[in-house]
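This report concerns only the one structure given below.
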Amino acid sequence: MEIFLRSLGDPGFQQGVAVDLDVNQSTVSRTLITVSEAVYSKRNNWITFPNTNDSLGVAINEWANTKRMPVS
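See the structure below:
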């Protein structure tokens with residue numbers, strides 16, 4: 001997980017992350033693929049979007065109330 005998070009935080013070159021963490025670049029590459037695929041496979045469980053105007057309105061109001069951010 002450290003390899004994955006470091007790669008997200010430093011999206012430049014995999015080799016730099018590999019050197020910093022003392023692993024091969026191929027390990028960084030395989031880790032990115034494996035973790036990305038695992039997260040992608042769970043996308044429907046973790047991310048949902050409103051599918052009606054009413055549910056969109058509810059989501060907007062909940063966001064405004066819980067995050068204390070203005071909405072237009």
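Per the numbering used here, residue 1 is the first one in the sequence shown, and the count goes up by one each step. Ideal Cβ placement from N, Cα and C applies to all residues, glycine included.
Here residue 58 is exposed. Its C-beta has fewer than 16 other C-beta atoms within 10 Å. For residue 16, the enclosing alpha helix (DSSP H) begins and ends at 14-21.
If you draw a straight line from the Cα of residue 26 to the Cα of residue 6, it comes to about 15 Å. According to the DSSP assignment, residue 30 belongs to the alpha helix (DSSP H) that extends over 25-41. Under a 10 Å Cβ-count criterion, residue 31 is classified as buried, with 16 or more other Cβ atoms of the shown protein chains found around its own Cβ.
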